[in-house]
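Taken in order, the sequence shown gives residues 7 to 263; the numbers are from our numbering.
C-beta atoms are modelled at their ideal positions from N, C-alpha and C, and glycine is treated no differently.
What follows is a set of notes on a single structure, which appears directly below.
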Amino acid sequence: MKTVDLNSDLGESFGAYTIGNDEEVLQYISTANIACGFHAGDYNVLMKTVQTAADLGVSIGAHPGFPDLAGFGRRDMHMSKKEIFNLVVYQIGAIKAAATVAGTYVHHVKPHGALYNLASKDEVVATAIAEAVHAVDSKLILFGLAGSELVRAGEKVGIKVAQEVFADRTYQPDGTLTPRSHANAMIHDADLAVERVLRMVTEGKVTAVNGEEIFIQADTICVHGDEPEALEFVRKLRAKLEENQVAIQAFGAVDQP
């Protein structure tokens, strides 16, 4: 049976603000990307989310972003390679400590928002992230946009890489995600999103915004936990994949301790 990883960005509530449906979404996914307190999340939310994921057998990943709480990490910040290396190391460390307390381990690292998008096309940023992951723990898996500079950087430094596709985002002809500033960036129709993902997983293809068919590798599928449709998406997506003999399993789980 074919397998695929299903992930979601979680732990993004902080203080008095509640974002997403984490406890519900965790029932359906195989890996959780948990905010580390820079773009979202705080120490209480981080600890609770890590523990809940561990209790449910969901693999845990660090979700590092730019230090941009007000902008939810979706605004570009110009940093040196060393600064990016350091901020990624710092944030992975927070998740590793929480995972130790929860009696589990960190499975992967997936950058967030603007940091993720920059790493998809900027070799310097991508390399800084990949080197940071490798320096902390070379067994960690790096999640990156399918076919991106981040994927290539991870492979170059010698860490395992999972190529990621998105259930609720549209694609440009070059394989990049449509910027969120565009009206057609997000897919709000759960049924349409599910059919697109099934095709990416089973055929390795997706239709870009201009109608062009592009090839894409789907090792892991992301559903954004902060979107209102996230819970409906992930329920329908998991059911559809399993109906088509695709099992949901954390990427590379057999190689972890």
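Around the C-beta of residue i, are 16 or more other C-beta atoms found within 10 angstroms, so that it is buried, or is it exposed?
i: A138; result: buried
i: D261; result: The predicted position of D261 is uncertain, since its pLDDT is 48 and thus under 50; no value can be drawn from it.
i: E209; result: exposed
i: P117; result: buried
i: Q251; result: exposed
i: R244; result: buried
i: E249; result: exposed
i: T213; result: exposed
i: N39; result: buried
i: E170; result: buried
i: A189; result: exposed
Helix, strand or coil, according to DSSP, for residue i in the structure here?
i: Y96; result: helix
i: A38; result: strand
i: Y177; result: strand
i: M85; result: coil
i: Q33; result: coil
i: S126; result: helix
i: D261; result: At D261, the pLDDT of 48 sits below 50, so the modelled position is not reliable and the matter cannot be decided from this model.
i: F44; result: coil
i: T24; result: coil
i: D15; result: strand
i: A105; result: helix
i: T213; result: strand
i: I66; result: strand
i: F78; result: coil
i: M53; result: helix
i: Q251; result: coil
i: A59; result: helix
i: H113; result: strand
If distances are taken between C-alpha atoms only, which option among the options comes closest to residue i?
i: A168; options: K145, T58 and G26; result: K145
i: V131; options: A173, K88, V171 and F44; result: K88
i: L16; options: V229, F239 and E235; result: V229
i: P73; options: N92, E30 and S14; result: N92
i: I35; options: A60, M53, K54 and L52; result: A60
i: L247; options: N216, D180, E235 and R202; result: R202
i: A199; options: G258, V252, R81 and K242; result: K242
i: H194; options: D174, K54 and V31; result: D174
i: G77; options: E18, D28, V31 and T55; result: E18
i: H84; options: A125, M192, E30 and Q97; result: A125
i: Y96; options: C42, A191 and G153; result: C42
Which residues in the same chain have their Cβ closer than 8 angstroms to the Cβ of residue i, if we skip the five residues on either side of it in sequence?
i: K211; result: R205, E219, I220, F221 and I222
i: T136; result: Looking at the sequence provided, one finds Ala at residue 136 rather than Thr. Same-chain partners within the cutoff: L148, L156, A159, G160, K162, V163 and I165.
i: R79; result: First, the residue type needs correcting, since residue 79 is Gly and not Arg in the sequence shown. Cβ within range, chain order: F44, H45, A46, G71, F72, H118, G119, A120 and L121.
To which residues of the same chain is residue i closer than 6 angstroms at the C-beta, ignoring the five residues directly before and after it?
i: L12; result: I35, S36, I227 and I254
i: N216; result: P179
i: Q57; result: A108
For residue i, collect the residues of the same chain with a Cβ closer than 7 angstroms to its Cβ; drop the 5 residues on either side in sequence, then sort them by chain order.
i: I90; result: V131, A134 and I135
i: A256; result: D11, S36, T37, S65 and H113
i: A196; result: E235, E238, F239 and K242
i: A105; result: V56, I66, Y111 and V112
i: D82; result: A120 and L124
Count the CB pairs spanning the region 14-32 and the region 46-55 that are closer than 8 angstroms, and state whether there are at least three.
-> yes
Any 3 or more C-beta pairs closer than 8 angstroms across the region 90-104 and the region 63-82 = yes
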